[in-house]
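Chains as they are written, first to last, in the numbering used here: chain A, 56 to 392; chain B, 99 to 422.
By construction, the Cβ of each residue, glycine as well, lies at the ideal position given by its N, Cα and C atoms.
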């Protein structure tokens, strides 16, 4: 197991190097001149050049790149010109907000999609099956920003049962003491159930939006995988041995159907990380997605590079975890390695 | 055709499948018995309904399949009317089944030892500390070399022959009184086939266990079975003791089947294919005798229902209006 982790981490190094190069080049290729942007419209040419020099933008591209890599090696992601903050600090502060949303969304999606897919597969043609088909069609056809706006419109504006989409906490609360950065966890650790519910209330709509988005592929894959496994020879053997229906369904069928489901899980998780940019804008969520968008609009290189790099590292970690999960589920995987 | 106290007695069993292409009349009026400790061969072409017959008896038909009538009395209980939980209790404990292509008929991601334990835990009151020892014993009973080590193996690490032995170990773990072997040698190489058949025969004798061998290979059935049930297109067309069936086949289909079997003829050149194919079982107007279209002895009377069941000896019955 440890050897596998080591091997996968080594294999990820070229990916990370590639990502560093590509993000660097891409951000430089973006239109807009940050020096002019920060100097302001009234600045003289001289002032702009001064700012350019202080940002290091007067250096040739390779010189800037070497500086950038050198900083990276020291763990320095640079300074955000627009906020004046260290990018690394900002990202670390905002990452838990994004992760809390994404993980909870994934959890909710799994909690609905897996039972739905299993039920639909065990009762093909029943109302559960039709419900499953309806939900997956809806989930696929609704764009995520639209679902988010629709939910906010209906549940906040029309019905008034959801809190306003103003971020992680209503302004009358102050955040819990920082332990994990996950408000739900931290408020529980602080022994403050009221804060827990306040934070939870704010999460309902964005989490639901994310969950609806990824529910569809998960439920569909679960249903398809279960249908395949349930008609397989070894399930027939298990039934012929008189194993109870629950044992056949979970220990024999579902655990085998997990393999494609886990693959899909990895895929939808990366979709979710990507779409956090949109969701955080809709719900004014102070995560890394909204941070990156704001920085991008202001031609602020360092946060954008930092964001893409952090995302890339998250993907690498995610893929590693999926691979490990595979070896845990399927004994055949380790020898193919 | 009846042994004194039949272990399994199937009477007028009918099964149909609902498919998109229409209702498939897979089994009609199927009757036969299996005596205690007896070995019965069920022989027929692919699609003759021989596997479906035992899926129906053991209650493991697909959701699309439905028993339309009849009885299947096993150990005093009518399995057709038994509840799902009664059937679960019987399967694996009283009546077990093994299948073809053993490498895919075992759970690919579960250790074979645990798969045996699952059955033991389900049907016996073995304390969990004992399960492992019992599972290793079950592996040893089917003569798997080094059972302690194989206990931890996954099916993909084992050969087809070993996987079939594992499946036999699972089936026999609770000492059932009936073993149904559905094409147990299909997918195995020839030398392994013989070993597996010998193992099944030996274990059945040792435990006085009745066994049913479902096969399309009349030669294999002849070699291992006391009696043979010949099926064609969802009908039982002939039942007879093995020697008598080969010496005096009465149904035209049986005679043709024997003529296609290399074991039974002196000269390979005299092997004959059976003309035609199984009738489309989705037809609503299936004739009383489903062999009619392929038979060279058919006459107008053969269309009349019901299909007669003629006794041709003390244990020999044939479902034909014009037997040989």
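Please classify residue i: does DSSP put it in a helix, a strand, or coil?
| i | result |
| --- | --- |
| residue 333 of chain A | helix |
| residue 116 of chain B | strand |
| residue 115 of chain A | coil |
| residue 257 of chain B | coil |
| residue 219 of chain A | coil |
| residue 307 of chain B | coil |
| residue 9 of chain A | Outside the displayed span of chain A (56 to 392) sits residue 9 of chain A, for which this structure offers no information. |
| residue 285 of chain B | coil |
| residue 404 of chain B | coil |
| residue 224 of chain A | coil |
| residue 140 of chain A | coil |
| residue 299 of chain B | helix |
| residue 322 of chain A | helix |
| residue 338 of chain A | coil |
| residue 242 of chain B | coil |
| residue 192 of chain B | coil |
| residue 338 of chain B | strand |
| residue 104 of chain A | helix |
Distance cutoff 7 Å, beta carbons only. Does residue i sit that close to anything in chain B?
| i | result |
| --- | --- |
| residue 385 of chain A | yes |
| residue 307 of chain A | yes |
| residue 288 of chain A | yes |
| residue 295 of chain A | yes |
| residue 298 of chain A | yes |
| residue 292 of chain A | yes |
| residue 392 of chain A | Only weak support exists for where residue 392 of chain A lies, its pLDDT of 46 falling under 50; the value from the coordinates is given anyway. No, residue 392 of chain A lies away from the interface with chain B (no Cβ there is under 7 Å from its Cβ). |
Within 10 Å of its beta-carbon, does residue i have 16 or more other beta-carbons around it, so buried, or fewer, so exposed?
| i | result |
| --- | --- |
| residue 300 of chain B | exposed |
| residue 294 of chain B | buried |
| residue 252 of chain A | exposed |
| residue 381 of chain A | buried |
| residue 306 of chain B | exposed |
| residue 103 of chain B | exposed |
| residue 195 of chain B | buried |
| residue 136 of chain B | buried |
| residue 390 of chain A | Note on residue 390 of chain A: pLDDT 47, under 50, position unreliable in the model; no value is reported. |
| residue 227 of chain A | exposed |
| residue 298 of chain B | buried |
Along the chain, where does the alpha helix (DSSP H) that runs through residue i open and close?
| i | result |
| --- | --- |
| residue 250 of chain A | 248-285 |
| residue 389 of chain B | First-last for residue 389 of chain B: undefined, no H or E at that position. |
| residue 199 of chain A | 199-206 |
| residue 384 of chain A | 356-384 |
| residue 294 of chain A | 288-295 |
| residue 221 of chain B | 210-221 |
| residue 400 of chain A | For residue 400 of chain A there is no data in the structure shown, the boundaries of chain A being 56 and 392. |
| residue 195 of chain A | 182-196 |
| residue 349 of chain B | Premise fails: residue 349 of chain B is in no alpha helix (DSSP H) and is neither H nor E. |
Could you tell me whether the Cβ of residue i comes closer than 7 Å to any Cβ of chain A?
| i | result |
| --- | --- |
| residue 116 of chain B | no |
| residue 176 of chain B | no |
| residue 207 of chain B | yes |
| residue 195 of chain B | yes |
| residue 268 of chain B | yes |
| residue 152 of chain B | no |
| residue 256 of chain B | no |
| residue 204 of chain B | yes |
| residue 190 of chain B | yes |
| residue 230 of chain B | no |
| residue 165 of chain B | no |
| residue 220 of chain B | yes |
| residue 249 of chain B | no |
| residue 217 of chain B | yes |
| residue 351 of chain B | no |
| residue 158 of chain B | yes |
Kindly indicate the opening and closing residues of the beta strand (DSSP E) around residue i.
| i | result |
| --- | --- |
| residue 409 of chain B | 408-411 |
| residue 165 of chain B | 163-172 |
| residue 96 of chain A | Run containing residue 96 of chain A: none; DSSP gives neither H nor E here. |
| residue 328 of chain B | 325-330 |
| residue 69 of chain A | From DSSP, residue 69 of chain A is part of no beta strand (DSSP E) but of the alpha helix (DSSP H) over 57-84. |
| residue 154 of chain B | Note, residue 154 of chain B: premise wrong, no beta strand (DSSP E); alpha helix (DSSP H) at 148-156. |
| residue 276 of chain B | 276-280 |
Shorter than 6 Å, the distance from the beta carbon of residue i to the closest heavy atom of the ligand HEM, or not?
| i | result |
| --- | --- |
| residue 73 of chain A | You won't find the ligand HEM in this model; it holds no ligand whatsoever. |
Flag residue i as yes if its beta-carbon sits less than 7 Å from any beta-carbon of chain E, otherwise no.
| i | result |
| --- | --- |
| residue 186 of chain B | Structure shown: chain E not included; protein chains present are A and B. |
Checklist line | Validate contact between the stretch 368-378 of chain A and the stretch 345-357 of chain B using beta carbons, cut 8 Å, 3 pairs | finding: Judged by Cβ distances under 8 Å, the stretch 368-378 of chain A makes no contact with the stretch 345-357 of chain B, as fewer than three pairs qualify.
Notebook entry, point to check: Using 8 Å as the threshold, is the stretch 263-271 of chain A in touch with the stretch 157-168 of chain A, meaning 3 or more CB pairs across them?
Noted result: Yes, they touch.
Next item on the list: Inspect the CB distances between the stretch 195-211 of chain B and the stretch 164-176 of chain B and report whether three or more fall short of 8 Å.
Entry: Counting Cβ pairs under 8 Å, fewer than three are found: no touch.
Margin query: With three or more C-beta pairs closer than 8 Å as the rule, is the stretch 272-282 of chain A touching the stretch 337-353 of chain A?
Written below: no
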